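Below is one structure, written out as structure tokens, with a few remarks after it.
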Amino acid sequence: MLSQRGRRKADEPLRPDLDFLSQASENPYAPDNTTGAIALCIAENLLQWDAMRDKLQAIARDQPWPEWMAAYTQLGGAPDFREAVAGFVSRHIAGQPLAADHFCGSAGATAVVEVSAMCLGDAGDYAVFPAPAYQAYLPDIQNKAGLLRHDITHYARPFGPEEHPLSLRELDTARETLGTRFRMLVLTQPDNPTGAIYGEAQLREIAEWCIRHQIHLIVNEIYALSRFDRQTAGLEHTAPFVSFLPYLEQRDSPYLHWWYSFSKDFGISGFRVGLLYSRNETFRQAYGNYNAPHQISNPTQWLLARLLEDDAWVTAFQERNARLLTAAYRTVTDALDELKVPYTPARGSLFVWADFSGYLPERNREAAEALWAAIFTETGVLLTAPGGLGQPEAGWFRIVYSGVSTAALAEAMRRLSQFLNVRRGSAT
Ligand SMILES: Cc1ncc(COP(=O)(O)O)c(C=O)c1O
0 MLSQRGRRKA DEPLRPDLDF LSQASENPYA PDNTTGAIAL CIAENLLQWD
50 AMRDKLQAIA RDQPWPEWMA AYTQLGGAPD FREAVAGFVS RHIAGQPLAA
100 DHFCGSAGAT AVVEVSAMCL GDAGDYAVFP APAYQAYLPD IQNKAGLLRH
150 DITHYARPFG PEEHPLSLRE LDTARETLGT RFRMLVLTQP DNPTGAIYGE
200 AQLREIAEWC IRHQIHLIVN EIYALSRFDR QTAGLEHTAP FVSFLPYLEQ
250 RDSPYLHWWY SFSKDFGISG FRVGLLYSRN ETFRQAYGNY NAPHQISNPT
300 QWLLARLLED DAWVTAFQER NARLLTAAYR TVTDALDELK VPYTPARGSL
350 FVWADFSGYL PERNREAAEA LWAAIFTETG VLLTAPGGLG QPEAGWFRIV
400 YSGVSTAALA EAMRRLSQFL NVRRGSAT
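Per numbering that gives the first Met the number 0, the very first residue in the sequence shown carries number 0; after that it's consecutive.
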């Protein structure tokens with residue numbers, strides 16, 4: 000009945016936790032259902048949805064809808080939207096002016112990754128990722144473009160509050176292994192799942208290495224504004240996040256590109272808005288020509304453009320976001336500190352990357368999956384399924400702290416602590 004690939008895909012769920020997730024959604028935690036399930040597995044930020052909803056509703060109600068909303072628009076995004084996006088990214092992320100026509104928009108970063116892979120590599124070529132890394136990079140580069148994922152794997156443990164451990168030596172080794180099939184390197188900062196960032200000099204060095212070897216470097220800054228309040232998080236003495244965009248601008252190379260999305264920093268993953276920024280005109284042309292099935296709907300582009308124009312509102316939203324993320328991060332790390340569970344100190348993002356291997360009878364994948372399943376069935380707390388992120392050692396789990404209310408997160412950590420204390424007690 001289906002194509003061969005359609006048949007294969009029918010048995011390949013997008014995520015391994017879908018069954019548990021649907022169970023969790025049947026009985027979610029709520030103020031009047033405090034024993035309900037709490038999902039801490041999806042990379043979402045719903046902490047300010049109420050404020051966002053009020054703002055978007057007011058725009059849609061009060062501002063006149065333009066003629067262009069009902070018609071087809073440019074493949075890389077409506078000019079009005081690209082102007083607004085360029086202003087926002089310039090002010091809030093790059094810190095310097097950027098050209099609106101160097102941006103292309105697609106329906107979420109998922110589509111941006113897929114269309115970029117179509118343009119930058121051929122089937123059988125490799126995209127390289129420092130791992131652990133975002134799980135869905137694999138289907139996004141592979142489903143249509145046919146690229147393969149090569150991980151440069153790092154043990155999570157040595158990650159400190161300093162920069163990401165990726166080194167040029169490791170890139171050389173990957174190049175020796177993959178040869179000219181090494182077509183693109185993707186860095187995510189702040190990182191999913193570790194929360195790490197890259198140093199400014201480190202990014203320059205990596206960029207120069209890529210240009211020298213004619214490899215495309217893409218820095219995915221989808222969590223650029225999902226940062227902490229540096230003082231409250233005790234990060235005053237660490238180097239701050241520095242966007243890759245100023246160097247990309249200054250270096251002006253056809254091999255340097257940047258990705259973004261409104262899913263995380265604005266907490267509107269359902270709106271499906273992602274961005275590419277590149278100074279490579281041929282890439283942007285190819286991108287637009289592949290982008291027809293991935294365009295952002297015009298009403299969404301219009302709504303976002305009006306939102307971004309209200310810069311005072313956006314600034315206040317992002318400042319509050321940093322405070323809420325810092326508090327939620329602390330709720331999780333305080334509980335882990337108490338349990339003596341190690342974790343990588345995050346510099347941003349929506350995650351705590353924690354090592355629960357002390358609770359495994361044996362350090363292997365089966366034991367990690369059994370622990371993950373037991374946490375859900377016994378406490379109703381659903382963590383991101385282990386495996387798939389490219390973690391080298393079993394027992395590391397990702398905890399998302401921004402997709403549920405403050406009360407739900409506190410309750411989840413209380414249940415998790417109780418569960419782990421019982422496990423520890425029965426093991427000794
Ligand atoms: C690193 C990274 N890239 C891309 C995406 C996809 O985002 P979007 O919702 O914009 O498709 C995610 C979502 O979790 C992500 O973490």
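Every residue gets a Cβ at the ideal spot worked out from N, C-alpha and C, and that includes glycine.
Remember, predicted model here, so these are calculated numbers, not experimental data.
(message) By alpha-carbon positions, which one of R250, G357, G379 and T172 ends up nearest to E392?
(response) Residue numbering aside, residue 392 sits at position 393 when the sequence shown is read from its first letter. With distances taken between Cα atoms, E392 lies closest to G357.
(message) Does the structure place the stretch 68 to 77 close enough to the stretch 241 to 259 that three or more beta carbon pairs sit under 8 Å?
(response) no
(request) In the DSSP assignment, find the unbroken beta strand (DSSP E) run with I217 in it and report its ends. (result) Translated into the one-based positions of the sequence shown, residue 217 becomes position 218. Segment H215 to N219, the beta strand (DSSP E) holding I217.
(request) Could you tell me the boundaries of the alpha helix (DSSP H) in which F117 lies? (result) Counted from its first residue, the sequence shown places residue 117 at position 118. First, the amino acid is wrong: residue 117 is Met here, not Phe. Here the alpha helix (DSSP H) through M117 covers A108 to L119.
(request) Name, in chain order, the residues that DSSP records as bridge partners for Y71. (result) As a working mapping, residue 71 is identified with position 72 in the sequence shown. According to DSSP, which records beta bridges pairwise, Y71 is partnered with nothing at all.
(request) Assign G389 to buried or exposed, taking buried as 16 or more other Cβ atoms, counted over all protein chains shown, within 10 Å of its Cβ. (result) Within the sequence shown, the letter at position 390 stands for residue 389. Buried.
(request) Could you tell me which residues DSSP puts in a beta bridge with F128? (result) As a first step, residue 128 must be located in the sequence shown, where it is residue number 129. Answer is D150.
(message) Considering only the alpha carbon of each residue, which of S348, L247, E220 and G394 lies closest to D228?
(response) Working through the sequence shown from its first residue, we reach residue 228 at position 229. For the residues S348, L247, E220 and G394, the minimum Cα distance to D228 belongs to S348.
(message) In the DSSP assignment, the beta strand (DSSP E) including Y276 goes from what residue to what residue?
(response) Translated into the one-based positions of the sequence shown, residue 276 becomes position 277. Note, Y276: beta strand (DSSP E), G273 to S277.
(request) Compare the Cα-Cα distances from L216 to each of N279, N44 and N32 and report the closest residue. (result) Reading the sequence shown from its first residue, position 217 is the one you call residue 216. The shortest Cα separation from L216 among N279, N44 and N32 belongs to N279.
(request) Using the Cα positions of L184 and F282, report the straight-line distance between them to the nearest angstrom. (result) Taking the first residue of the sequence shown as 1, we reach residue 184 at position 185. Taking the first residue of the sequence shown as 1, we reach residue 282 at position 283. A straight-line Cα-Cα distance of about 16 Å links L184 and F282.
(message) Quick check on R362: does DSSP put it in helix, strand or coil?
(response) Walking along the sequence shown from the start, residue 362 turns up at place 363. DSSP places R362 in coil when its eight states are reduced to three.
(message) Let me check you understand the geometry: is the CB of T314 closer than 8 Å to at least one non-hydrogen atom of ligand 1?
(response) Numbered from its first residue, the sequence shown carries residue 314 at position 315. No.
(message) Measuring straight from C-alpha to C-alpha, what distance separates P385 and G394?
(response) Stepping through the sequence shown from its first residue, residue 385 is reached at position 386. Stepping through the sequence shown from its first residue, residue 394 is reached at position 395. Each residue's Cα considered, the two are about 7 Å apart.
(message) Pull the bridge partners of P27 from the DSSP assignment, please.
(response) Stepping through the sequence shown from its first residue, residue 27 is reached at position 28. In DSSP, P27 forms a bridge with A36.
(message) Would A195 and E162 be called neighbours here (beta carbons separated by less than 9 Å)?
(response) Along the sequence shown, one-based indexing puts residue 195 at 196. Along the sequence shown, one-based indexing puts residue 162 at 163. Result yes, Cβ atoms of A195 and E162 sit closer than 9 Å.
(request) Within its chain, find whatever has a CB closer than 7 Å to the CB of A110; leave out the 5 residues flanking it on each side and keep chain order. (result) Your numbering for residue 110 matches position 111 in the sequence shown. Excluding sequence neighbours, A110 sits near G273 and H293.
(request) Starting from the N-terminal side, write out each stretch of the beta strand (DSSP E) that is 3 residues or longer and does not extend beyond the stretch 264 to 330. (result) List check, beta strand (DSSP E) in window: 273 to 277.
(request) Anything with a beta carbon under 6 Å from a heavy atom of ligand 1 counts; list them all in chain order. (result) Result: A42, G107, A108, T109, Y133, T187, N191, N219, I221, S260, S262, S268 and G273.
(request) Please confirm whether G402 and L45 have their CB atoms less than 9 Å apart. (result) What you label residue 402 is simply residue 403 of the sequence shown in a count that begins at 1. What you label residue 45 is simply residue 46 of the sequence shown in a count that begins at 1. In contact: G402 and L45 (Cβ atoms closer than 9 Å).
(request) Write down the C-beta distance between L359 and W371 rounded to the nearest angstrom, noting that I regard them as a contact closer than 8 Å. (result) Numbered from 1 along the sequence shown, position 360 holds the residue referred to as residue 359. Numbered from 1 along the sequence shown, position 372 holds the residue referred to as residue 371. No, L359 and W371 are not in contact; Cβ-Cβ is about 10 Å, not under 8 Å.
(message) Applying the 10 Å Cβ sphere with the 16-neighbour rule, what's the burial state of N26?
(response) Counting from one through the sequence shown, the residue named residue 26 turns up at place 27. When all chains shown are included, N26 counts as exposed.
(message) So if DSSP puts C443 in a beta bridge, which residue, or which two residues, is it bridged to?
(response) Since the first and last residues shown for the chain are 0 and 427, residue 443 lies out of range.
(request) Give the range of the beta strand (DSSP E) segment to which M183 is assigned. (result) Stepping through the sequence shown from its first residue, residue 183 is reached at position 184. M183 -> beta strand (DSSP E) spans F181 to T187.
(message) Between the alpha carbons of V399 and L39, how many angstroms are there, rounded?
(response) Reading the sequence shown from its first residue, position 400 is the one you call residue 399. Reading the sequence shown from its first residue, position 40 is the one you call residue 39. One C-alpha to the other measures close to 5 Å.
(message) Between the stretch 58 to 65 and the stretch 203 to 215, can you find at least three pairs of beta-carbon atoms closer than 8 Å?
(response) By the criterion of at least three beta-carbon pairs nearer than 8 Å, the stretch 203 to 215 is not in contact with the stretch 58 to 65.
(message) Could you check whether I41 and G379 sit closer than 9 Å to each other, using their CB atoms as the reference points?
(response) Working through the sequence shown from its first residue, we reach residue 379 at position 380. Working through the sequence shown from its first residue, we reach residue 41 at position 42. Not in contact: G379 and I41 (Cβ atoms no closer than 9 Å).
(request) Whole angstroms is fine: what's the gap from E220's alpha carbon to P189's? (result) The sequence position of residue 220 within the sequence shown is 221, counting from 1. The sequence position of residue 189 within the sequence shown is 190, counting from 1. If I take the Cα positions, the gap works out to 7 Å.
(request) Tell me whether H153 is buried or exposed, calling it buried when 16 or more other Cβ atoms sit within 10 Å of its Cβ. (result) Reading the sequence shown from its first residue, position 154 is the one you call residue 153. Buried, by the Cβ-count rule.
(request) Within its chain, find whatever has a CB closer than 6 Å to the CB of Q317; leave out the 5 residues flanking it on each side and keep chain order. (result) For the purposes of this step, residue 317 is taken as residue 318 along the sequence shown, with counting starting at 1. Within the same chain, Q317 has close Cβ partners L224.
(request) Output the distance between the C-alpha atoms of E43 and A285, rounded to the nearest integer angstrom. (result) Here residue 43 corresponds to residue number 44 of the sequence shown, with the count starting at 1. Here residue 285 corresponds to residue number 286 of the sequence shown, with the count starting at 1. Distance between the alpha carbons of E43 and A285: 31 Å.
(request) Count the other C-beta atoms from every protein chain shown that fall within 10 angstroms of the C-beta of K339, then say buried if there are 16 or more, exposed otherwise. (result) As a first step, residue 339 is located in the sequence shown; it is residue number 340 there, counting from the start. So K339 counts as exposed.
(request) Return the residue from the list L137, A93 and A99 that minimises the CA-CA distance to V112. (result) Residue numbering aside, residue 112 sits at position 113 when the sequence shown is read from its first letter. Comparing Cα positions, the closest option is L137.
(message) If you follow the beta strand (DSSP E) that V399 is in, where does it begin and where does it stop?
(response) Position 400 of the sequence shown, counted from the start, is the residue given in the question as residue 399. Segment W395 to V399, the beta strand (DSSP E) holding V399.
(message) Going by the DSSP bridge assignment, what does F350 pair with across the sheet?
(response) Residue 350 sits at position 351 when you count from the first residue of the sequence shown. BP columns for F350 point to V399.
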